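Student:
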Amino acid sequence: MSSTSKHELLDFDRTVMTLSELLSDELVGSLVEGAVDEIMLNPDSALYVRYSDGENVKYCDISPSKAQILIRTVASMSKIDINVNCPIVETEISCINARFSALLPPLCKYPCFCLRSLHALSLNFEHLVSQNFISKEQLTILDSLIKERKNILVCGQTGCGKTSFINSMLKRIALFEPFSRIVCIEDTPELKIENDNAVNLVSGPNTSISTLVKATLRLSPDRIVVGEVRAEEALDLIDALSTGHSGGLASIHAGSVLQCLERLKLLISRNPSAPDNIDSMIALAVNAIIILKREPLRHVSSIALVTGLEQGKFTYKFLGENK
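Below, the structure written as structure tokens:
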């Protein structure tokens, strides 16, 4: 065994042991194995667990003092300095393939955190079909949209699996277009491009998603992927997708097709450079919308094709529903 492998194994053992002591062997083991997607602590000391099938249950209570020890331990392992002026921890625990986000007082009354497994972010569609996340009919429709290089928005509320679904789509794109050049833009590195010819861009304090979208156009992308559209970058993305960059993919918080289109319109309108013809830009640039739901369990609720504008209103038709 190489020294690097030994070091990684020691990191894994030490991390699992530390988390198990502060949480539980069963819970941490389930997270590592992929049976648990998220472990979430609220300021009221309630610890919730979201399982891989989407079920979300209260697991136990953890005292504020114990929670603070856990947060400071993870911060120390990641060499992050936390204090009153910066009581936030954002880090990836790579040895267990998880992301950790935490806040301490005074930002909240008592400590809170979310430990999120990244295993769930790389499932293939065969697995998603077996879990009833997506139907075979919907997968056939989705394959056609990918092959036809349609611009697709993935929508849904927090926790419905948008990031995981986009990663599954990236696997599918690699299957159909192994030589395509993919550029992904996000604020937290969670998207995993399967193609060899790929660029991952991450925004920072001095570089916005909007700036990165503009920069991407000079990188000769075959497909542009934006992890989440939620600000002025909406205009830059739609502008790119409506001027010859096909096969785009992005997510947005919305609960229905109409909400998605109206939300996108609102975000674009907030950009000082927004044109007057926002509706027509959206109708031209967005070809399909996939709606995800998390109740009763996470699944693809519907796939819709955006057909245009009629009397100033967006028109669309549903291609596949799974209520």
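All you need for my numbering is the position in the sequence shown, starting with 1, plus 1. Cβ atoms here follow ideal geometry from the backbone N, Cα and C, with glycine treated the same way. From a predicted model like this one, the values you see are computed outputs, not experimental measurements.
Tell me the rounded alpha-carbon separation between Pro-88 and Asn-207.
Tutor: If I take the Cα positions, the gap works out to 21 Å.
Student: Measure the beta-carbon distance from Val-301 to Ile-290 and round it to whole angstroms, keeping in mind my assumption that it falls under 8 Å.
Tutor: The pair is not a contact, with the Cβ atoms about 11 Å apart (cut-off 8 Å).
Student: Out of Ile-167, Ser-181 and Asn-133, which one is the CA nearest neighbour of Pro-190?
Tutor: Checked all of Ile-167, Ser-181 and Asn-133; the closest Cα to Pro-190 is Ile-167.
Student: Please classify Asn-203: does DSSP put it in a helix, a strand, or coil?
Tutor: Before going on, a small fix: residue 203 reads as Val here, not Asn. Strand at Val-203.
Student: With three or more C-beta pairs closer than 8 Å as the rule, is the stretch 106-118 touching the stretch 34-45?
Tutor: Touching, per the Cβ criterion.
Student: Between Ala-251 and Leu-105, how many whole angstroms is the CB-CB distance? I'm expecting something under 8 Å.
Tutor: Going by Cβ atoms, the distance from Ala-251 to Leu-105 rounds to 33 Å, so no, they are not a contact pair.
Student: Sort Asn-84, Tyr-60, Lys-59 and Glu-56 by Cα distance to Gln-69 and report the nearest one.
Tutor: When each option's Cα is compared against that of Gln-69, the closest is Asn-84.
Student: Is His-254 helix, strand or coil when you go by DSSP?
Tutor: His-254: strand per DSSP, three-state reduction.
Student: The beta strand (DSSP E) that contains Asp-54, what's its start and end?
Tutor: Where Asp-54 is concerned, there is no enclosing beta strand (DSSP E), given that its DSSP letter is neither H nor E.
Student: Span of the alpha helix (DSSP H) holding Ser-103?
Tutor: Just to set this straight, residue 103 is Ala in the shown sequence, not Ser. That residue, Ala-103, is in no alpha helix (DSSP H); its beta strand (DSSP E) goes 99-104.
Student: Out of Lys-215, Phe-101 and Val-230, point me to the one whose CA is closest to Thr-244's CA.
Tutor: Checking every option, the nearest Cα to that of Thr-244 belongs to Lys-215.
Student: Quick one: using the 10 Å Cβ neighbour count with 16 as the cut-off for buried, is Cys-61 buried or exposed?
Tutor: Cys-61 is exposed by the Cβ-count criterion.
Student: Does Pro-222 pass the burial test, meaning 16 or more other C-beta atoms within 10 Å, or should it be called exposed?
Tutor: By the 10 Å Cβ count, Pro-222 comes out buried.
Student: I think Val-226 touches Val-184, with their Cβ atoms under 8 Å apart; what is that distance to the nearest whole Å?
Tutor: Confirmed, Cβ separation roughly 7 Å.
Student: Keeping to the same chain, check which residues put their C-beta closer than 7 Å to that of Ser-129; ignore five residues upstream and five downstream.
Tutor: In the sequence as presented, Ser is not what sits at residue 129; that position holds Leu. Cβ within range, chain order: Ile-135 and Ser-169.
Student: Please look up how many angstroms separate the CB atoms of Leu-1 and Ala-275, rounded, as I've assumed it's under 8 Å.
Tutor: Given a span of 2 to 324 for the chain in the structure shown, any question on residue 1 remains unanswerable.
Student: When DSSP labels each residue in this structure, what does Ile-142 get in the three-state scheme?
Tutor: Three-state DSSP puts Ile-142 in a helix.
Student: Please say whether Leu-171 and Lys-137 have beta carbons closer to each other than 8 Å?
Tutor: Taking 8 Å as the Cβ cut-off, Lys-137 and Leu-171 do not qualify as a contacting pair.
Student: Hey, could you find the ends of the beta strand (DSSP E) Ser-118 is sitting in?
Tutor: Residues 113-118.
Student: Check for me: the beta strand (DSSP E) holding His-1 runs from which residue to which?
Tutor: Summary: the structure shown does not reach residue 1, with the chain confined to residues 2 through 324, and so no result is reported for it.
Student: For Glu-91, which of helix, strand or coil comes out of DSSP?
Tutor: Three-state DSSP puts Glu-91 in a strand.
Student: Which of the three DSSP states, helix, strand or coil, is assigned to Thr-316?
Tutor: Thr-316 falls in the strand class under three-state DSSP.
Student: Would a C-beta distance cut-off of 8 Å place Leu-108 and Lys-67 closer than the cut-off?
Tutor: Contact flag unset, no.
Student: For Arg-271, count neighbouring Cβ atoms within 10 angstroms of its own Cβ and tell me buried if that reaches 16, exposed if not.
Tutor: By the 10 Å Cβ count, Arg-271 comes out exposed.
Student: Are the Cβ atoms of Ala-175 and Glu-149 separated by less than 8 Å?
Tutor: Contact: no.
Student: Under the assumption that Gln-139 contacts Asn-288 (Cβ atoms under 8 Å), give the Cβ distance between them as a whole number of angstroms.
Tutor: Not really, about 16 Å apart at Cβ, beyond 8 Å.
Student: Would you kindly work out how many angstroms separate the C-alpha atoms of Thr-92 and Gly-313, rounded to a whole number?
Tutor: Roughly 45 Å separates the two Cα atoms.
Student: Taking DSSP's pairing of strands, which residues face Arg-150 in a bridge?
Tutor: For Arg-150, which the question treats as bridged, DSSP gives no partner whatsoever.
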